[in-house]
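Residue numbers (this note's numbering): 39 to 1289.
Have a look at the structure below before the remarks.
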Amino acid sequence: MPKALSLKKTLNSQAKNQQAITQFFRTVPPSQEKISPVKEEKTKVVNNSLKRKADSPIKIKQNSIEKNSTQCDSSLKKLKIDNNYGNNFIQNNSMNLKNVHVSPSKELVTKKLFIDKGNRLSNSKSEQDKPSCAINHSKEDNVSKLSCSPIKQSSNSNEKENCCIEKYEKELEMVECDNVTISPNGVQYKSPKKFLKAISVSPKSKTLTSHNCVNQSPSKNGSTSNAIECFENSDEMFDDWEFEAKEDIQEDLDLRVMQRCEVISVERHNHKLELKLKNDKNNVGTCFVEGIWLNTPLVVGETVGVLAQRDVTGCYTVNNSAGLLALRPDHLVSSTSVVAGVFCKRKAVLQERWRGIDSANSAMTIGILIHELVQKALTQNMATTRELDSVADKLIHESMQMLYDAGISETEARSNMQMYIQPLADFMQTYVVSCGKTSQSVKRNWNGKIDKVLDIEENLCCPQLGLKGKIDATLQVSLHECGDTKTAIVPLELKSGRASVSAEHRGQLVLYGMMLSLQQQQDPATALQRGLLLYLKERIDVREVSCGYPERRDLMMLRNDLVQHLATGPRSINDDDLVDIEDASRLLQQSMPDPVHHHNACSKCPYLTLCSLHLWHTNGPTVTESHPLSKLRDEALGHLTSQHVKYFLHWTSLLRLEENGQTVMSPLHALWTESTDKRAKRGVCATNLKLKSVTSSGDRFLHIFQKNAEHEINGNKSTKGPQEGEFSIVSIDKRPWVAAGVVAVSNASELHILLERDLSRRQNKHTMYHVDTYESFATTVQNLTNLGVLMEDSDRALRLRTLIIDKTPPEFAPKLPREVGRLGSKLMRSLNIEQQRAVLKALASEHYVLLKGLPGTGKTQTISVLIQMLVALKLRVLVTAHTHSAVDTVLNRLPISLKIMRLGTASRVAPSLIPRCEHTLTRKCHSTEELTHLYDSMEVVGVTCLGAAHPMLARTTFDVCVVDEATQVLQCTVLRPLFASKRFVLVGDPDQLPPVVRSKNARRLGMEESLFHRLAREEVTCTLRLQYRMNQPLADVANTVAYNDSLKCANQTVAQAKLEIDIQKIISSAKESPWLIAACSPEFENAAVFLNTILSAKCDKEKVFTNRDEAYVVIYLVEKLKLGGVLPSDIGVIAPYRDQVSLLRRVLSGKDVEVSTVDQFQGRDKSVIIYSCTKRTEKEERLPKDGEVLNDQRRLAVSVTRAKHKLIVVGNLRALQRYAPLMKLVECCKTIALDEDTMANLNKRYESLVT
């Protein structure tokens, strides 16, 4: 019977030149522990110094080895004292020895010998007076004698201290920082692992003798602290020893199961750490960490996942043979990244942070197609080559865009897939389909059978271990062993390359097995694990992978190494302490592991430039002159100047600040650290949903969840939770993140979400689901990728670096072609003089031009004419913006005769543009040639800045890129569409909304600076001042608040426009509310009014960002405006806070009036705008916080300039007086006071709508 492939096998059993997996993670000298399963070698002793194996990754300078070899061993010592000499030794060495446990019978004593600096004798001699020490090694009896000569016996007990102890005490003064030890003389060492010795005192030689403890193997005896020495004691022994009593603390933390804990204290012993831990339920316990795990930087405040076993003394211990530690487990590292670190940890970190740099290639694309083919074969039980050929052809047809991206034709794809068809058919017939047919050429090297396919692309999220991953297929199999048949659930991992059975391939299955063990409530360190590696290239090759504890331990150590560079810890820089951007650029750079020493791999690595930037321009590890990266430095960075490097460091640090802020506000770990009720109260979770139906939708599955009508939060139905278009995560009880996707529909009764897998395959109909909104870090990764591409050595990157970083002034053509004049007389007839000048300047630009359009000045109309002119001149145009609505607005203004394609998800595109959507236009394409021809024939293409990673833009160069709302896009976000064009036009208003930046520190250090702001100069900017939106009184208000009299009404018709309302109807219905007449009056003196409210006591009890009293006023105003004949579609309600928007939407439900935040109203207008300030009077007066919404003049400018004829501001003057921009607005408005009686009447009238 064939044997399973085990990771425990020796090197001879591996593939050719393949090392055992643990060889890649060895971090402890073999003198201390066995790490790999090969036979343990004896420690070599040469010239009285301890030599370590050459292949150990711990590199210690020779002088440090020699120095440490003359000192007492730093491990936990067991002191064996002779009966006749013990008392004399104690008297002659008056040391305070702590932590000594004496049994009641005094027959067995175990003494922990460690030196505390605070207990050192004060009158020790100077360094030159100390006696010299040496270690005498004896191979015969495996004893090392540590002799101290001479030991001066004097009456002063302070001079009798053992010299070895003194020297070792000096070593304890070393400062440990991230596995690097810095001695007092400044020499750096990697912390060596100490080998355990037992120290005894010989009465004859008066020397300390260090005996090797019982020969131990980590696979058998576990911790190095298991040996206990027996003492032959007299009744008088140790009577005069002092013991330090410790506080008796109740410990109730069970570490036999994986626990998420906070480190509340760390006590360093000679060869171990003593951790005090507290879990999420405030259970407290102690755990000792030994061996290889000492490489994990454990400090107070760290979060760790701990699994430990009890040692012979009953203490929880994590050592080389038992237990697991997961550092910062709330950060989920993908299993792919962990195993990628087997060869190069540095590349693994770069791949995690700059994923888009390594672009698609043919091998990767074919691999994806083979994965899909195998998954379909498994789920549909296809076992014939005819069936598989048919499915392969269908997959190729459905993957046209992927093939287009990789530059592969259908013929090439089919040819590459053909070599996998026959092996896949053999695999299905041999192991899956019960047909009994097995080809004679098939070598059956796995003695099992696949009974059932449980899941495809199963999502594993394991916060206990800090890991995540996707299993190609989760299988239920039958295993035939020793005449018995067993059933097991195993992961299958498909590899489309050669059958290397590499450490990376096996390691991935080991990690999957550990995660599945926890999912099945088993011990991830000891549970039996099986996995299948399937190789199908040219022939079938199935390998069963099993592993022992050392492999799991080493992979977790590797994961812990990576997470130190990917997640912040308690010792990370505090963002609030950063003084300026130079400080941030220096301190907030991505930390990196040491680079691999491999010239061929480094020279071909797609991350060479990024790797070199961090190596040579940040405070990371350094390399020698002989290192490959030193030789490749000019090739990697020779094309960059110091300004380019500074720009890169500047923006990577700002992105790190923003990411840190996002992590605080929207933490992923809330999925497993907070209850569903708590998340629902925060408005981010829809809880207790039932799966109603699942339907296939292309490569996705549309899941329809039914909301529980009875489930309410504090008695009120939640109006929050996942909303349409938001990325969300689906979880079930005790298992977070089973799937993720974008919400398609969210209403009172149902939630529709597109997921990558069918959840009904594994879950039963009674399963309750929870859906959480989550702000993915994909945007940060894409922005980092954009910066990485900007640094590459290419023509497109050089062009943008010259314009954006070096700020080289753009050039303009001195004379335009005659064709422009002919076209202009026809197309530019509808434009005013300022708009015409802007279009002509954009046409003359050879690099870029800025178009500054003030509110209502016709930016969109100007853009539309410019695009038509460019197309008429046979130029291709890319239209982009930060939001989908802005892109759609521009495209909808273009004539239908133009060839237009809108890239992006159909659900996010305006209905009017669906016929021009990519998925509609590409339906008729049956080959990559046809797809290429279609893309190349498009005259205008529209896409958002974040959607500009589309493969079409990577393979096509446009003549001009027009960026609308350019002042709202981050600099590094707008880079992606600019890579795809020869020149660009930035359109925006720098006095309105800036880019969205959540982190106050990132805002403080300049992240809100858009590319428009960076490039703004008078000679390259065209300004549109003539506005067609606001009447004259409202234009005057806008000029006072933000525009300094720059805004001008385009004509008298615009200036004299008034609100169309039947004021008589309002007068007759509001006899008891005289204030309402002025509030609704169309007259110019009442065009802008401020309603000063007196807040009720009940309102003060509300949460900070809602105001019921203002909501009552808004309802009343809306009702009366509608009574006066104002259409609901002409009324807009704006509030600065989302909570107030939610409250207003609820109370105005059914009135067909739009209610939104300032940001959502950008680019649009209404005849009447009602602005609810929301803020209430606070008990303690304070200055406005940095970045506070009400203190943001730009957001206020947007709110004011949305109104065409009437602006009504509702607020409390006393609460708003600290906000300077708002006080400017109030001064421009006619103030109307609403007294207590008015507010009381409104409260009584509408209270039932709010509660």
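The C-beta atom is built at its ideal place from N, Cα and C for all residues, glycine as well.
The structure displayed is predicted, hence computed values, not measured ones.
Report the three-state DSSP secondary structure of residue i (helix, strand or coil).
i, result
"residue 602", "helix"
"residue 311", "strand"
"residue 326", "strand"
"residue 582", "strand"
"residue 730", "strand"
"residue 886", "strand"
"residue 1288", "helix"
"residue 370", "coil"
"residue 1152", "helix"
"residue 20", "No answer is possible for residue 20: it lies beyond the span of the chain, which begins at 39 and ends at 1289."
"residue 1078", "helix"
"residue 855", "coil"
"residue 1277", "helix"
"residue 1170", "strand"
"residue 937", "coil"
"residue 1205", "strand"
"residue 516", "strand"
Classify residue i: buried if its beta carbon has 16 or more other beta carbons within 10 angstroms, exposed otherwise.
i, result
"residue 855", "exposed"
"residue 789", "buried"
"residue 897", "buried"
"residue 688", "buried"
"residue 971", "exposed"
"residue 750", "In this prediction, residue 750 has a pLDDT of 46, which is less than 50 and means its spatial position is unreliable; what the coordinates show is noted afterwards. Looking at its Cβ environment, which holds fewer than 16 other Cβ atoms inside 10 Å, residue 750 is exposed."
"residue 1298", "The structure shown does not extend to residue 1298, since the chain is modelled only from 39 through 1289, so no value can be given for it."
"residue 934", "exposed"
"residue 599", "buried"
"residue 270", "Note that residue 270 scores a pLDDT of 37, beneath 50, so its modelled location is shaky; the value from the coordinates is reported in the next line. Exposed, by the Cβ-count rule."
Would you mind reading off the limits of the beta strand (DSSP E) that contains residue i?
i, result
"residue 297", "297 to 306"
"residue 842", "Premise fails: residue 842 is in no beta strand (DSSP E) and is neither H nor E."
"residue 494", "486 to 500"
"residue 956", "Note, residue 956: premise wrong, no beta strand (DSSP E); alpha helix (DSSP H) at 956 to 959."
Considering just the uninterrupted stretch of the alpha helix (DSSP H) at residue i, what are its terminal residues?
i, result
"residue 875", "871 to 882"
"residue 5", "Because residue 5 is not part of the residues shown, which for the chain are 39 to 1289, the question remains open."
"residue 1176", "1176 to 1185"
"residue 1113", "1112 to 1118"
"residue 355", "No alpha helix (DSSP H) holds residue 355; the beta strand (DSSP E) holding it covers 354 to 356."
"residue 1130", "No alpha helix (DSSP H) holds residue 1130; the beta strand (DSSP E) holding it covers 1126 to 1131."
"residue 718", "714 to 719"
Please name the residue, chosen from the options, that lies closest to residue i on a Cα-to-Cα basis.
i, options, result
"residue 941", "916, 932 and 931", "916"
"residue 363", "677, 293 and 449", "293"
"residue 608", "445, 406, 836 and 336", "336"
"residue 797", "461, 995 and 742", "742"
"residue 320", "291, 296 and 304", "291"
"residue 1182", "625, 1149 and 1199", "1149"
"residue 1198", "1030, 1068 and 1050", "1030"
"residue 1016", "891, 803 and 833", "833"
"residue 1272", "1265, 1207, 939 and 1114", "1114"
"residue 807", "793, 771, 823 and 715", "771"
"residue 744", "759, 372 and 728", "728"
"residue 491", "441, 556, 415 and 440", "415"
"residue 705", "881, 466, 589 and 812", "812"
"residue 400", "852, 822, 446 and 722", "446"
Can we count residue i as close to the ligand ATP, meaning its CB is less than 6 angstroms from some heavy atom?
i, result
"residue 587", "As far as ligands go, the structure on display features none, and thus does not contain the ligand ATP."
Mind reading off the beta-carbon distance from residue i to residue j? Whole number of angstroms is fine, and I expect it under 8 angstroms.
i, j, result
"residue 1294", "residue 994", "Only positions 39 to 1289 of the chain appear in this structure, which leaves residue 1294 out of reach."
"residue 674", "residue 646", "5 angstroms"
"residue 951", "residue 969", "Rounded, the Cβ-Cβ distance is 20 angstroms, inconsistent with contact."
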